[in-house]
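Asks:
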């Protein structure tokens, strides 16, 4: 038994409350090294005749990646307290593992073991229930639809007349979204994620000028209010994009510092290294990346904090939005996000808080900050297998098992799964224009754990490379829309609504990565019903042995019927 | 190279801000397996000609335990942002490790690497500066000194006339502490930790009746105010014990529930499973352990929360106390402790918050909750080697390296190191009455990293087993006091004050566990000056080769002169 490979920590993805009653415990061992792992557990205070009272229970493998097996057990301690360890057994030895290390025998001292001291309800990670069942649609407002030419910016170009560039404008607006609500309704989506809509300088609006106003190019507050109402009438949630890491260059407070330097009453709103401010050759103030046009906000400053918290509250309170997507969320302090969560959830307890973080996000997903992050590790793995054919099905299953074991199950269920966005090439382009691959990718995403998002236009076969290529005007000419993709997506979404197990009910398990050379397969099960999803990665047809006893089970094909 | 043994996570004890400028990065490898580890790092946004700009720097081993080597590097990223990975090299191969796994070559995509997105000052773990230099003295008030017979409880026994029992009283009080302040001053201690002093039923006072009053057996608020003032005049900090996990049975709010059941307006102050309440055979409400006399408080209830927060604020605001020790802190919700920290630090930013947690406490030590926990893993290891002779010096060094690598360096510096308490046998008893061992243990504790605490009476050689044995009346008859222990401790405390490096200045490193068979040795160094502490664990004298070039360095013996 390779002891160096064995890992557990008594918190985060290895030990967490999944509900107010149920703890999940995981442990990692070297792959194919340990045939049996048991949880040894008891109430920390339950002693009898000087002996700690404990029991043991078999754990099972919930997944494997390149190097490791991950073991899992769910347990509901009657007094919500748990001391526990592990009994690892192979042909040669049985080893006991506690916080104090390894032992050859069970130790009768609770101090040896790991501790989950108390399952306090308030500390349980709880994303809004509705998120699991939601299918998102991302809209980049400048490019979705021009519904009201009266608010066109200067130099607005004819819709789709030229390729998108970093600084051209086509007049997309909120009225355009309202006018096309039927398109979304027909597709079946149940949530819209809008990239920023507040007054800003650029076409992407990530350089905010006024956090309290709708950009006049997009409409006004009355229009936005109407848009939210129409969405809600159509059972569509609305999520806005908050850019709190930095303001735009033309944010009046920053302009004031540019003008008045040391004397500006806003000088502590930013991280300024010296006066006067300079933007060239490098800015002498903190910025997003090295962009002088996006000065980093000092979210530790009490005035800034209160200002941004009020922004957070305002759009929830006055416009009833359902979610906040937080731009560059990882570079803003944790203390700010804790307050942000408290403030906005006080107004709307089931608001969805989604952070833009591309890397391991456990520190933001402990229940006190975000409900989810944008699941780019999911994206990378899906693209590598199904779009780029750069990895094998076995590698895919191993990578995805790594991703799933990075977080608790209740975190995975609310994860924001995306294939592309305004920051990446479009999925069809990643697939080299192969619509079959693309359709397969959607089949995966819409049957997987997490809350899936479709980037506007993907559903009708739009293409485009990296920004600005991926920000083309939406194609409304039906003769140029790919109806096959649309109806494939429509069918998947409908199926996801019908079969609740597809939308995060039950437990997901991959079949072992060596089960089939060409296919990936996974089950979703609630104990009574089990769905099996099989995706063939090969161009040729293949046969697949269903891993059930079809004589005793009732089996039906919910896709082909 | 054993890949399964290699571990890093981009937060907590493996990646943390030690100051507002400096990040510490650690990684774990199999012991004696990897001869060289480098950090590969750069600003996430620093690209040149389509290539990410990074550099590499050698890491060094900061400690080893039974299975692993721990590598360390400190780094100050100019823009407070870091993407990083590791280059691990042995005779056969160089391997690159990032968040996405292992690679045989450096990868030119920042997404492959780990991320420390931004060093926000407010998120840096910061315990009060004064704590590192403090030497604590724990007082169990009922047993320290009876200074005012007028407030003796009924049936007060003559001081020390009989052994302590779970329910006898000897009249110890606050006036007694005031009268003996010179004893403490002569010893040299600079902080007192009082076990509870609020009105309660038992002699230990952990079953609070009134959180807003001094127990009349101990004195009154005027006396306590005077005590704090006298302590402060003598440069002694005062820490009180807060029992927020549970109240006492005679807490009026609980009595109200006992009396009025469902109709009590305090019924939601506790976790009650059904009415009427019963205490036998098992309580039908949550308790501390299974003790019906300590009903668990519902700290998620807004009224309870506000009540306890006001307790926290009140004694700081009105009496200027310097620290709160939090009883059974691990069973109270994290959300409560986050608010508690905010509230009490708003009144006194350098208040010390110390949680009673016996197990891995990383989740409470991330900067948002506690400044320290009671360092029982330290205690266990010290006792096993130096009191019980149950482990070898080499095992001790390995275990202590494990303990040190469980937490960030700035957390270790504020750790509350104790040898014994009202909850354990006394140290001299653990040493089998051997005062030489005991003196050596103090030599270790007072030269080690952390903030050390002496349990009342240990300094004059008191003995006693588990509670109630360890709660004897303080021995004030000088003829029965061990003056050798006292002067040894006095000298160590004075030395710790004189040589700031002893009190948490600089970096601590153990000499390798196989450096000497009988001795443990460690250095504390600030780059200019290095202190070497050598402790011989054998009864016989031994020789020890100093690991310095004594021809080129100036060396002096700060203990023997």
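Chains as they are written, first to last, in this note's numbering: chain C, 121 to 681; chain H, 121 to 681.
Quick reminder that beta carbons are idealized off the backbone N, C-alpha and C, glycines included.
Can you list the residues of chain H that residue 450 (chain C) reaches, using a CB-CB cut of under 8 Å?
Replies: Here the question's residue 450 (chain C) lines up with position 330 in the first chain. The contacting residues are 235, 237, 238.
Asks: Give the DSSP bridge partners of residue 144 (chain H), in chain order.
Replies: Here residue 144 (chain H) corresponds to residue number 24 of the second chain, with the count starting at 1. DSSP lists H:136, H:194 as partners of residue 144 (chain H).
Asks: First and last residue of the alpha helix (DSSP H) that includes residue 419 (chain C)?
Replies: Mapped onto the first chain, residue 419 (chain C) falls at position 299. Per DSSP, residue 419 (chain C) belongs to no alpha helix (DSSP H) and is neither H nor E.
Asks: Can you give me the start and stop residues for the alpha helix (DSSP H) that residue 484 (chain H) sits inside?
Replies: As a position in the second chain, residue 484 (chain H) is number 364, starting the count at 1. That residue, residue 484 (chain H), is in no alpha helix (DSSP H); it is neither H nor E in DSSP.
Asks: What does residue 453 (chain C) touch in chain H if you count any residue whose Cβ is under 9 Å from its own?
Replies: For the purposes of this step, residue 453 (chain C) is taken as residue 333 along the first chain, with counting starting at 1. In chain order: 238, 240, 241, 242, 243.
Asks: Show which residues of chain C have a CB atom less than 9 Å away from the CB atom of residue 190 (chain H).
Replies: Locating residue 190 (chain H) in the second chain gives position 70, counting from the first residue. Residues of chain C passing the Cβ test: none, with the nearest at roughly 13 Å.
Asks: When you compare only the Cα positions, how much space is there between residue 669 (chain H) and residue 652 (chain H)?
Replies: On the second chain, position 549 is the one that residue 669 (chain H) refers to. On the second chain, position 532 is the one that residue 652 (chain H) refers to. So the alpha carbons of these two residues sit roughly 13 Å apart.
Asks: What in chain A is Cβ-close to residue 279 (chain H), meaning under 9 Å?
Replies: You won't find chain A in this structure, because its protein chains are C and H.
Asks: Is the Cβ-Cβ distance between residue 145 (chain H) and residue 159 (chain H) less than 8 Å?
Replies: In the second chain, counting from the first residue as 1, residue 145 (chain H) sits at position 25. In the second chain, counting from the first residue as 1, residue 159 (chain H) sits at position 39. Result yes, Cβ atoms of residue 145 (chain H) and residue 159 (chain H) sit closer than 8 Å.
Asks: To the nearest angstrom, report how far apart residue 244 (chain H) and residue 139 (chain H) are at their CA atoms.
Replies: Stepping through the second chain from its first residue, residue 244 (chain H) is reached at position 124. Stepping through the second chain from its first residue, residue 139 (chain H) is reached at position 19. If I take the Cα positions, the gap works out to 7 Å.
Asks: Within this structure, are the beta carbons of residue 494 (chain C) and residue 538 (chain C) separated by less than 8 Å?
Replies: For the purposes of this step, residue 494 (chain C) is taken as the residue at position 374 of the first chain. For the purposes of this step, residue 538 (chain C) is taken as the residue at position 418 of the first chain. It is a contact, given that the beta carbons lie within the stated cut-off.
Asks: So, with DSSP's three-state summary, where would you put residue 386 (chain H)?
Replies: Numbered from 1 along the second chain, position 266 holds the residue referred to as residue 386 (chain H). The answer is coil: DSSP assigns residue 386 (chain H) none of H, G, I, E or B.
Asks: Take the Cβ of residue 649 (chain H) as the centre, count every other Cβ of all protein chains shown within 10 Å, and call the residue buried at 16 or more, exposed below.
Replies: The sequence position of residue 649 (chain H) within the second chain is 529, counting from 1. With fewer than 16 other Cβ atoms within 10 Å, it is exposed.
Asks: Between the C-alpha atoms of residue 428 (chain C) and residue 364 (chain C), what's the straight-line distance to the nearest angstrom?
Replies: Sequence index remark: in the first chain, residue 428 (chain C) carries index 308 (1-based). Sequence index remark: in the first chain, residue 364 (chain C) carries index 244 (1-based). Each residue's Cα considered, the two are about 7 Å apart.
Asks: So the candidates are C:173, C:154, C:544; which of them puts its Cα closest to the Cα of residue 191 (chain C)?
Replies: Walking along the first chain from the start, residue 191 (chain C) turns up at place 71. Comparing Cα positions, the closest option is C:154.
Asks: Quick one: does residue 224 (chain C) have its CB under 8 Å from some CB of chain H?
Replies: Here residue 224 (chain C) refers to the residue found at position 104 of the first chain. No, no contact with chain H.
Asks: Who are residue 127 (chain H)'s beta bridge partners in DSSP?
Replies: Looking up residue 127 (chain H) in the second chain gives position 7. In the DSSP output, where bridge partners are listed per residue, residue 127 (chain H) has H:148.
Asks: Entirely within the stretch 272–347 of chain H and at least 4 residues each: give me those alpha helix (DSSP H) ranges in chain order.
Replies: Counting whole runs of 4 or more residues, the stretch 272–347 of chain H contains the alpha helix (DSSP H) stretches 294–299, 301–307.
Asks: Smallest Cα separation from residue 586 (chain H): which of H:553, H:628, H:541?
Replies: Residue numbering aside, residue 586 (chain H) sits at position 466 when the second chain is read from its first letter. Of the listed residues, the one whose Cα sits closest to residue 586 (chain H) is H:541.
Asks: In terms of residues, what are the limits of the alpha helix (DSSP H) holding residue 457 (chain C)?
Replies: In the first chain, the residue the question calls residue 457 (chain C) occupies position 337. Note, residue 457 (chain C): alpha helix (DSSP H), 454–467.
Asks: Buried or exposed: residue 476 (chain C), going by 16 or more other Cβ atoms within 10 Å of its Cβ?
Replies: Indexing the first chain from 1 puts residue 476 (chain C) at position 356. When all chains shown are included, residue 476 (chain C) counts as buried.
Asks: May I ask you to list the residues that DSSP assigns as paired with residue 639 (chain H)?
Replies: The count along the second chain starts at 1 and reaches residue 639 (chain H) at position 519. H:656, per the DSSP bridge assignment.
Asks: Under a three-way DSSP split, which group does residue 161 (chain C) fall into?
Replies: Residue mapping note: residue 161 (chain C) aligns to position 41 of the first chain, counting from 1. Looking at residue 161 (chain C) - three-state DSSP - the assignment turns out to be strand.
Asks: Measure from the C-beta of residue 503 (chain H) to each C-beta in chain C and report whether the shortest distance is under 8 Å.
Replies: For this step, residue 503 (chain H) is matched to residue 383 along the second chain. No, its Cβ sits nowhere closer than 8 Å to a Cβ of chain C.
Asks: If distances are taken between C-alpha atoms only, which option among C:185, C:298, C:401 comes closest to residue 350 (chain C)?
Replies: Position 230 of the first chain holds residue 350 (chain C). Per the Cα distances, C:298.
Asks: Determine the contact status of residue 148 (chain C) and residue 127 (chain C), defining contact as a CB-CB distance below 8 Å.
Replies: Here residue 148 (chain C) corresponds to residue number 28 of the first chain, with the count starting at 1. Here residue 127 (chain C) corresponds to residue number 7 of the first chain, with the count starting at 1. Closer than 8 Å, so yes.
Asks: Buried or exposed for residue 357 (chain H), going by 16 or more other Cβ atoms inside 10 Å?
Replies: As a first step, residue 357 (chain H) must be located in the second chain, where it is residue number 237. The residue in question, residue 357 (chain H), is buried, as its Cβ has 16 or more Cβ neighbours within 10 Å.
Asks: Does the beta carbon of residue 187 (chain C) sit closer than 8 Å to a beta carbon anywhere in chain H?
Replies: Here residue 187 (chain C) corresponds to residue number 67 of the first chain, with the count starting at 1. Residue 187 (chain C) counts as touching chain H.
Asks: Does residue 480 (chain H) come within less than 8 Å of chain C when only Cβ atoms are used?
Replies: Along the second chain, one-based indexing puts residue 480 (chain H) at 360. Yes, its Cβ sits closer than 8 Å to a Cβ of chain C.
Asks: Return the first residue and the last residue of the beta strand (DSSP E) that residue 571 (chain C) is part of.
Replies: Position 451 of the first chain, counted from the first residue, corresponds to residue 571 (chain C). Residues 571–575.
Asks: I'd like the list of long-range same chain contacts for residue 335 (chain H), defined as Cβ closer than 7 Å, with 5 residues on each side in sequence excluded.
Replies: As a working note, residue 335 (chain H) is residue 215 in the second chain. If we look at residue 335 (chain H) and ignore the five residues flanking it on each side, its Cβ neighbours are 317, 318, 319, 320, 325.
Asks: Look at the alpha carbon of residue 496 (chain C) and the alpha carbon of residue 614 (chain C), and state the distance between them as a whole number of angstroms.
Replies: Position 376 of the first chain, counted from the first residue, corresponds to residue 496 (chain C). Position 494 of the first chain, counted from the first residue, corresponds to residue 614 (chain C). Answer to the nearest angstrom: the Cα atoms are 25 Å apart.
Asks: May I ask you to report which of helix, strand or coil DSSP gives residue 616 (chain H)?
Replies: Position 496 of the second chain, counted from the first residue, corresponds to residue 616 (chain H). Residue 616 (chain H) falls in the helix class under three-state DSSP.
Asks: Using the C-alpha atoms, what's the distance from residue 591 (chain C) back to residue 469 (chain C)?
Replies: Here residue 469 (chain C) refers to the residue found at position 349 of the first chain. Here residue 591 (chain C) refers to the residue found at position 471 of the first chain. Cα to Cα, the separation comes out at about 33 Å.
Asks: Taking beta-carbon pairs under 8 Å, can you tell me which members of the stretch 280–312 of chain C lie near chain H?
Replies: Taking 8 Å as the Cβ-Cβ cut-off against chain H, none of the residues of the stretch 280–312 of chain C qualify.
Asks: Can a CB atom of chain H be found closer than 8 Å to the CB of residue 539 (chain C)?
Replies: Against the first chain, residue 539 (chain C) aligns to sequence position 419. So, not an interface residue.
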